[in-house]
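Participant: Chains A and B, in that order, give the protein sequences.
If you count the first sequence from 1, you need to add 47 to reach this note's numbering.
If you count the second sequence from 1, you need to add 34 to reach this note's numbering.
Here it is, the structure, as structure tokens.
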Amino acid sequence: MYAFNYQRPTSLDAAVKAVAAAEDGKYLAGGMTLIPTMKQRLAQPSDLVDLGRVVELSGIRRDGDALVIGATTTHAEVAASEEVRSHIPALGHLADHIGDPAVRARGTLGGSIANADPAADYPAAVVGLGATVETNTRSIAADEFFTGLFETALGDDELVTAVRFPIPKRAGYAKFPNPASRYAVVGVMVSEGADGVRVAVTGAGPSVFRVAEMEQALAGNFSPAAVERISVPASGLNSDIHASDEYRAHLVTVMAKRAVAAAAG
Amino acid sequence: MTDTGIGAPVRRKEDYRFVTGNGRYLDDMNRPGQCYAYFVRSPYAHASFTVDTSAASKMPGVQAVYTGADIAASGLGGLICGWTITQKNGEPHIAPPHPLLALDTVRHVGDTLAVVIADTYHGAKDAAEQVVVEYEALPAVTSVTEAVKKGAPQVHAEAPGNLCYDWEIGDKATTDAAFEKAAHVTRFEVVNNRVIPNAIEPRAALAEYDSGSDEITLYTTSQNPHVARLVISAFIQLAPENKLRVVAPDVGGGFGSKIFIYLEECVTAWAARNLKRPVKWTAERSESFMTDAHGRDHVSNVELALDGDGKFLGLRVSTLANMGAYLSTFASCVPTYLYATLMQGQYTTSAIYCEVKAVFTHTTPVDAVRGAGRPEATYVVERAVEEAARELKLDPAEIRRRNFIQADAFPYQTQVALLYDSGNYPGTLDKALDLIDYDGFAKRRESSESAGKLRGIGFSSYIEACGIAPSSVVGSLGAGVGLYESAQVRFNPTGNVIVYTGSHSHGQGHETTFAQLVSDRLGVPFDQIEIVHGDTAKIPFAMGTYGSRSLAVGGSAISKAIDKIIAKGKKIAAHTLEAAVEDIEFENGNFTVAGTDKQMDIASVAFSAYVPHNYPSDELEPGLDESAFYDPANFTFPFGTHVCEVEVDPETGETQIVRWAAADDFGNIVNPMIVEGQVHGGVAHGVGQALLEGCRFDDSGQLLTGSYMDYAMPRADTLPPMQIATQVTPCPHNPLGVKGCGEAGAIAAPAAVMNAITDAIGTRDLTMPATPEKVWRAIQSTR
Numbered sequence: 048m049y050a051f052n053y054q055r056p057t058s059l060d061a062a063v064k065a066v067a068a069a070e071d072g073k074y075l076a077g078g079m080t081l082i083p084t085m086k087q088r089l090a091q092p093s094d095l096v097d098l099g100r101v102v103e104l105s106g107i108r109r110d111g112d113a114l115v116i117g118a119t120t121t122h123a124e125v126a127a128s129e130e131v132r133s134h135i136p137a138l139g140h141l142a143d144h145i146g147d148p149a150v151r152a153r154g155t156l157g158g159s160i161a162n163a164d165p166a167a168d169y170p171a172a173v174v175g176l177g178a179t180v181e182t183n184t185r186s187i188a189a190d191e192f193f194t195g196l197f198e199t200a201l202g203d204d205e206l207v208t209a210v211r212f213p214i215p216k217r218a219g220y221a222k223f224p225n226p227a228s229r230y231a232v233v234g235v236m237v238s239e240g241a242d243g244v245r246v247a248v249t250g251a252g253p254s255v256f257r258v259a260e261m262e263q264a265l266a267g268n269f270s271p272a273a274v275e276r277i278s279v280p281a282s283g284l285n286s287d288i289h290a291s292d293e294y295r296a297h298l299v300t301v302m303a304k305r306a307v308a309a310a311a312g
Numbered sequence: 035m036t037d038t039g040i041g042a043p044v045r046r047k048e049d050y051r052f053v054t055g056n057g058r059y060l061d062d063m064n065r066p067g068q069c070y071a072y073f074v075r076s077p078y079a080h081a082s083f084t085v086d087t088s089a090a091s092k093m094p095g096v097q098a099v100y101t102g103a104d105i106a107a108s109g110l111g112g113l114i115c116g117w118t119i120t121q122k123n124g125e126p127h128i129a130p131p132h133p134l135l136a137l138d139t140v141r142h143v144g145d146t147l148a149v150v151i152a153d154t155y156h157g158a159k160d161a162a163e164q165v166v167v168e169y170e171a172l173p174a175v176t177s178v179t180e181a182v183k184k185g186a187p188q189v190h191a192e193a194p195g196n197l198c199y200d201w202e203i204g205d206k207a208t209t210d211a212a213f214e215k216a217a218h219v220t221r222f223e224v225v226n227n228r229v230i231p232n233a234i235e236p237r238a239a240l241a242e243y244d245s246g247s248d249e250i251t252l253y254t255t256s257q258n259p260h261v262a263r264l265v266i267s268a269f270i271q272l273a274p275e276n277k278l279r280v281v282a283p284d285v286g287g288g289f290g291s292k293i294f295i296y297l298e299e300c301v302t303a304w305a306a307r308n309l310k311r312p313v314k315w316t317a318e319r320s321e322s323f324m325t326d327a328h329g330r331d332h333v334s335n336v337e338l339a340l341d342g343d344g345k346f347l348g349l350r351v352s353t354l355a356n357m358g359a360y361l362s363t364f365a366s367c368v369p370t371y372l373y374a375t376l377m378q379g380q381y382t383t384s385a386i387y388c389e390v391k392a393v394f395t396h397t398t399p400v401d402a403v404r405g406a407g408r409p410e411a412t413y414v415v416e417r418a419v420e421e422a423a424r425e426l427k428l429d430p431a432e433i434r435r436r437n438f439i440q441a442d443a444f445p446y447q448t449q450v451a452l453l454y455d456s457g458n459y460p461g462t463l464d465k466a467l468d469l470i471d472y473d474g475f476a477k478r479r480e481s482s483e484s485a486g487k488l489r490g491i492g493f494s495s496y497i498e499a500c501g502i503a504p505s506s507v508v509g510s511l512g513a514g515v516g517l518y519e520s521a522q523v524r525f526n527p528t529g530n531v532i533v534y535t536g537s538h539s540h541g542q543g544h545e546t547t548f549a550q551l552v553s554d555r556l557g558v559p560f561d562q563i564e565i566v567h568g569d570t571a572k573i574p575f576a577m578g579t580y581g582s583r584s585l586a587v588g589g590s591a592i593s594k595a596i597d598k599i600i601a602k603g604k605k606i607a608a609h610t611l612e613a614a615v616e617d618i619e620f621e622n623g624n625f626t627v628a629g630t631d632k633q634m635d636i637a638s639v640a641f642s643a644y645v646p647h648n649y650p651s652d653e654l655e656p657g658l659d660e661s662a663f664y665d666p667a668n669f670t671f672p673f674g675t676h677v678c679e680v681e682v683d684p685e686t687g688e689t690q691i692v693r694w695a696a697a698d699d700f701g702n703i704v705n706p707m708i709v710e711g712q713v714h715g716g717v718a719h720g721v722g723q724a725l726l727e728g729c730r731f732d733d734s735g736q737l738l739t740g741s742y743m744d745y746a747m748p749r750a751d752t753l754p755p756m757q758i759a760t761q762v763t764p765c766p767h768n769p770l771g772v773k774g775c776g777e778a779g780a781i782a783a784p785a786a787v788m789n790a791i792t793d794a795i796g797t798r799d800l801t802m803p804a805t806p807e808k809v810w811r812a813i814q815s816t817r
């Protein structure tokens, strides 16, 4: 790790200003990706602006027909939340299976989606539940938020403040974890809500994606059988020592089926 | 049995300091004025290079930057391999030079070419980035099958064809003849995957130099500090043994990887003397992945010849063993005398021939990892036996029964050099069948099937040669050292005891087990016994801990020293009690004149020995402090049967281990709780190799599994609750009747797991680690 300046503001405004004023400032939430990257000397920010004391960024609240989860809310808090468990249990299940207990105690929702790791779980929730990402300047629809491998619609220094998850009629998440890292080799979130059915896949491609064919099939028949014969093409999917693109394509169907089964309860 | 004596499940007394954060590991230690070392390592698997340290040397706080040229100029020697294998042609194996820092060529990713010593760790690391290395990348080879091909990139000019040695054991002609008359031959290729040891504590070294006494003290993460001192003194020639103290404090796991003498501790100690300042080095985890000696990595052609009744007539094995880029300290003996000598297994196979080619590649050096050779042998034999049973449609338990060496056949001379001293193989098989409820398997399989899962069962009837080993035997086979162990049992005047043992505990629980042994034999309360290990300034010359040898060899040395204590105590008691020595009996800590109530407890005897006012001074020296060295008469031969049951999800290829039975025979047991823990840990290790742990290099030699993001270790939820039982067939040739238990699980487990998965999915073409994708593909291939 290289030396850096450490700042710990207590308000959102101060945090945004601190990053803007720094030569190469970075927000620090849970640090689950940023700190290891810095330890490997692959990142050299001039300033880390710790969001841990910005109280307004944390917490889970019901707002009409949605749950609004603050950006610095940890995975463990989401997993343990009664609001989440009773209104979007699939989201609680997803949070409860991210990484390991240490990661869940530190890692945050905002950090996860801003980083946009192709194998992270939360992108599947954001897209699969049709959420809206709130930032310090605007609202971004889930389908516009993730733009590619580690790429999002966030502008320079733009900060995720919360994610608004509409409460679905039903939803399910199924994940095939990487045996080493427990990131998603393939994770599929399926939901049926006011705006119809969504099927979002993480881990399989460079970025989270929806499977329109499965969504249409499920709209007519919300059952595992509806998706079991629908497959995504292997070409363009991730391929590494843990899973080939072909195997990932196969797992998308299997996990979609299981997510539907979980949603159907 | 007392509640702290032999056979009692005493809670580990060392755990208090470990769980309360009071363990003293190497990185906990610091010295005033300490500098830090950071090593410059190659990002290429094979390259020639030139190095320029001028910019790095000028960085703030930098005390020195050393390269291979500096080491060469200092006259230090290189790293050695301590076991010379004699090849088929009578020539010694080829051991190319292994300089502490590479001179002009690097041969694996992580190969080390310079070191920066600076006032701070980050300063050293910053300066290391300023060491300018011009690499010229050269072609690399990582797999043994590629490395032996004509035209493959050469690792060392000294080793044409990348061949370190070509070695054989057994009778080729007899074995070939056995195959001629076979009714059935089972043939297949067996790959034993490379594993990375992953001790929880990374390797580390802290050296300080006392210019007044000209003495170097080296604290290092070692399983055998005296062996480290011997090699660093005699071969690296850093300092004579009397001016070099090596201390291995609390060490957080080794699994073999901390047996070896590595360049970092040598360079750190040398730098401390050069700079006259303490120098500390602690590996980062990524350095551990790249530079701790790896394990296994064999490719074998295996042929098992059987008669019409399923009796084993012959076993023919041809193995390529990966040595990596350099010969590590004991690398050469692992795929030979710790491997091929175990091809007899538990069976009466009447002809065996095994040839082994050891091969250099552009990869991290390979050496012993928990089991060391014996897991590879067990995997060959037990996979072959299981496949033969399937091909002949014999029950896997039945084929083993038909071939077992029977309990009345010991001592049993094997076809591959070893003399098995004792055994009862049907006994552990029967126990294992009971534990797993073998009769209920068919029903369990049906119920799995109705849930859409494939269920399979796999056996592994393993044998190991432990308690390493008779010095004369290993000497005749090429070892550069003896393999005895030392002990010193010292009474203090107030009656408590300090035991100095040459065995080193890095998680094994010796402070408890050895204290139980001493308490049991001498009648001294358990909590008045201290076990001291790991310091060449305190303990007699010793060989250390590996090969499940601590209790069998180190414990036997303690037992011998105790015998001397008792013999001397009897003389002291006889004098005090005014009786003949022959009439003195010793039991439960008391010396008694036979047939009388005259007695003297051992604490009083100890006091009398140190305050010898009324003492037989003309025939006895004062003091009650005895040393012993124990050189075993033979290896010990733990054995057993493990049975694994798996459920495979055919949709994903995921394997879940659903039942595990382990019936082991470790001889007498001192602490059954510690033994059970060792079985759990060993099985976890072996299951890790079978399901999860696959060290992978790409074609250019980059380590793809260089962190826990990509290298999967077993976790608690990888394993089911285990059904464990032990059978006791005491070892006939050591005073404790013990054999060793630390490696058994790692030796037994891989074959049991792979036999179970291949049973479940109905094809034998599956390699370790049996990842979900591999299993899924294997299932697809059967449909």
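Positions of the beta carbon are idealized from the N, C-alpha and C atoms, including for glycine.
The structure presented is a predicted model; accordingly, all values stated were derived computationally and were not measured.
Go through the segment 131-172 of chain B residue by residue and report every complete run of the alpha helix (DSSP H) that reaches 4 residues or more, in order.
Facilitator: 155-163
Participant: Contact check, B/G715 vs B/P803 under 8 Å by CB: the rounded distance?
Facilitator: Numbered from 1 along the second sequence, position 681 holds the residue referred to as residue 715 of chain B. Numbered from 1 along the second sequence, position 769 holds the residue referred to as residue 803 of chain B. Contact flag wrong, Cβ pair sits at about 18 Å.
Participant: With 9 Å as the C-beta to C-beta threshold (strictly closer), list the residues of the segment 221-252 of chain A near chain B in chain order.
Facilitator: Of all residues in the segment 221-252 of chain A, the ones placed with a Cβ closer than 9 Å to any Cβ belonging to chain B are F223, N225, P226, A227, S228, Y230 and V232, in chain order.
Participant: Identify each residue in the segment 278-292 of chain A for which the Cβ-Cβ distance to at least one residue of chain B is less than 9 Å, and report them in chain order.
Facilitator: D287, I288, H289, A290 and S291
Participant: Should B/S245 go down as buried or exposed, given a rule of 16 or more other Cβ atoms within 10 Å for buried?
Facilitator: Taking the second sequence and counting its residues from 1, one reaches residue 245 of chain B at position 211. Looking at its Cβ environment, which holds fewer than 16 other Cβ atoms inside 10 Å, B/S245 is exposed.
Participant: Looking at the structure shown, is B/T398 part of a helix, part of a strand, or coil, going by DSSP?
Facilitator: Within the second sequence, the letter at position 364 stands for residue 398 of chain B. The answer is coil: DSSP assigns B/T398 none of H, G, I, E or B.
Participant: Which same chain residues end up closer than 6 Å to B/A782 when comparing Cβ atoms and leaving out the 5 residues on each side of it in sequence?
Facilitator: For the purposes of this step, residue 782 of chain B is identified with residue 748 of the second sequence, where counting begins at 1. Here the set comprises S494, Y496 and H676.
Participant: Can you tell which of B/T739, B/R583, B/D160 and B/G124 has the C-alpha that lies nearest to the C-alpha of B/P94?
Facilitator: Numbered from 1 along the second sequence, position 60 holds the residue referred to as residue 94 of chain B. Here the closest residue by C-alpha is B/D160.
Participant: Where DSSP assigns a beta bridge to B/F575, which residues make up the other side?
Facilitator: The residue labelled residue 575 of chain B in the question sits at position 541 within the second sequence. Looking at the DSSP assignment, B/F575 forms no beta bridge with any residue, so it has no partner.
Participant: With a cut-off of 8 Å on the beta carbons, I'd call B/G512 and B/G578 a contact; round off their distance for me.
Facilitator: For the purposes of this step, residue 512 of chain B is taken as the residue at position 478 of the second sequence. For the purposes of this step, residue 578 of chain B is taken as the residue at position 544 of the second sequence. Rounded, the Cβ-Cβ distance is 19 Å, inconsistent with contact.
Participant: Could you give the first and the last residue of the continuous alpha helix (DSSP H) run that contains B/R417?
Facilitator: Residue 417 of chain B sits at position 383 when you count from the first residue of the second sequence. Run containing B/R417: R408 to E425, per the alpha helix (DSSP H) assignment.
Participant: My parser needs the alpha helix (DSSP H) runs of 4 or more residues fully inside the segment 114-168 of chain A; what are they?
Facilitator: Unbroken alpha helix (DSSP H) runs of no fewer than 4 residues, entirely contained in the segment 114-168 of chain A, are found at 122-127, 129-134, 136-143, 148-153 and 156-162, following chain order.
Participant: Going straight from the alpha carbon of B/N232 to that of B/G735, what length do you get?
Facilitator: Along the second sequence, read from residue 1 onward, the residue named residue 232 of chain B stands at position 198. Along the second sequence, read from residue 1 onward, the residue named residue 735 of chain B stands at position 701. Their Cα atoms are separated by approximately 20 Å.
Participant: What's the C-alpha gap between A/N162 and B/H544?
Facilitator: As a first step, residue 162 of chain A is located in the first sequence; it is residue number 115 there, counting from the start. As a first step, residue 544 of chain B is located in the second sequence; it is residue number 510 there, counting from the start. Pairing A/N162 with B/H544, the inter-Cα distance amounts to about 47 Å.
Participant: Mind listing, in chain order, the continuous beta strand (DSSP E) runs of no fewer than 3 residues lying wholly within the segment 238-283 of chain A?
Facilitator: 243-249
Participant: With a cut-off of 8 Å on the beta carbons, I'd call B/A71 and B/T302 a contact; round off their distance for me.
Facilitator: Taking the second sequence and counting its residues from 1, the one referred to as residue 71 of chain B is at position 37. Taking the second sequence and counting its residues from 1, the one referred to as residue 302 of chain B is at position 268. With 8 Å as the limit, B/A71 and B/T302 qualify as a contact, their Cβ atoms being about 5 Å apart.
Participant: Could you work out which residues of chain B lie near A/P59, taking near to mean beta carbons separated by less than 7 Å?
Facilitator: Here residue 59 of chain A corresponds to residue number 12 of the first sequence, with the count starting at 1. The residue you asked about is not Pro; residue 59 of chain A is Leu in the sequence shown. Here the premise fails: no neighbours, minimum Cβ distance about 32 Å.
Participant: Between the alpha carbons of A/G117 and A/A178, how many angstroms are there, rounded?
Facilitator: In the first sequence, the residue the question calls residue 117 of chain A occupies position 70. In the first sequence, the residue the question calls residue 178 of chain A occupies position 131. Whole-angstrom Cα-Cα distance: 13 Å.
Participant: With 16 as the cutoff for other CB atoms within 10 Å, does A/R109 come out buried or exposed?
Facilitator: Against the first sequence, residue 109 of chain A aligns to sequence position 62. By the 10 Å Cβ count, A/R109 comes out exposed.
Participant: Which residue's Cα is closest to the Cα of B/A268: B/A411, B/G116, B/A212 and B/V229?
Facilitator: Taking the second sequence and counting its residues from 1, the one referred to as residue 268 of chain B is at position 234. Minimum Cα distance to B/A268 is reached at B/G116.
Participant: Could you tell me which uninterrupted beta strand (DSSP E) segments, each at least 3 residues in length, are contained entirely in the segment 191-263 of chain B, listed from first to last along the chain?
Facilitator: Qualifying beta strand (DSSP E) stretches, in chain order: 197-204, 218-229, 238-244 and 249-254.
Participant: May I ask you to report which of helix, strand or coil DSSP gives B/Y446?
Facilitator: In the second sequence, the residue the question calls residue 446 of chain B occupies position 412. If DSSP states are grouped into helix, strand and coil, B/Y446 belongs with the strands.
Participant: From which residue to which residue does the beta strand (DSSP E) around B/H332 run?
Facilitator: Position 298 of the second sequence, counted from the first residue, corresponds to residue 332 of chain B. Element bounds for B/H332: G329 to L340.
Participant: Can you give me the C-alpha to C-alpha distance between B/I703 and B/C775, rounded to a whole angstrom?
Facilitator: For this step, residue 703 of chain B is matched to residue 669 along the second sequence. For this step, residue 775 of chain B is matched to residue 741 along the second sequence. When rounded, the distance between both Cα atoms is 9 Å.
Participant: What is the DSSP secondary structure of A/D190, counted as helix, strand or coil?
Facilitator: Mapped onto the first sequence, residue 190 of chain A falls at position 143. Helix at A/D190.
Participant: When you compare each of B/P574, B/R436 and B/D455 to B/D343 by their alpha carbons, which one comes out closest?
Facilitator: In the second sequence, the residue the question calls residue 343 of chain B occupies position 309. Comparing Cα-Cα distances from B/D343 to each of B/P574, B/R436 and B/D455, the minimum goes to B/R436.
Participant: Find the residues of chain B that neighbour A/L298, judging by a C-beta separation of less than 7 Å, and give them in chain order.
Facilitator: As a working mapping, residue 298 of chain A is identified with position 251 in the first sequence. Chain order gives the chain B residues near A/L298 as T686, where near means a beta carbon separation below 7 Å.
Participant: Take A/V307 and list the residues in its own chain whose beta-carbon comes closer than 8 Å to its own, dropping the five residues that flank it on each side.
Facilitator: Here residue 307 of chain A refers to the residue found at position 260 when the first sequence is read from its first residue. So the list reads G219, V237, L265, F269, S270, P271, A273 and V274, once near-sequence residues are dropped.
Participant: Between B/D331 and B/R408, is the Cβ-Cβ spacing less than 8 Å?
Facilitator: Position 297 of the second sequence, counted from the first residue, corresponds to residue 331 of chain B. Position 374 of the second sequence, counted from the first residue, corresponds to residue 408 of chain B. Contact flag unset, no.
Participant: Taking 8 Å as the threshold (beta carbon to beta carbon), is B/R730 in contact with chain A?
Facilitator: Counting from 1 along the second sequence, the entry for residue 730 of chain B is found at position 696. It does; some Cβ of chain A falls within 8 Å.
Participant: Please list the terminal residues of the continuous beta strand (DSSP E) segment that includes B/E777.
Facilitator: Taking the second sequence and counting its residues from 1, the one referred to as residue 777 of chain B is at position 743. Secondary structure note for B/E777: it is in no beta strand (DSSP E), with a DSSP letter that is neither H nor E.
Participant: Report buried or exposed for A/T57, applying the criterion of at least 16 other Cβ atoms within 10 angstroms of its Cβ.
Facilitator: Within the first sequence, residue 57 of chain A is the residue found at index 10, counting from 1. Exposed.
Participant: Is B/C300 near B/L134, with beta carbons less than 8 Å apart?
Facilitator: Reading the second sequence from its first residue, position 266 is the one you call residue 300 of chain B. Reading the second sequence from its first residue, position 100 is the one you call residue 134 of chain B. Their beta carbons are under 8 Å apart, which means B/C300 touches B/L134 by this criterion.
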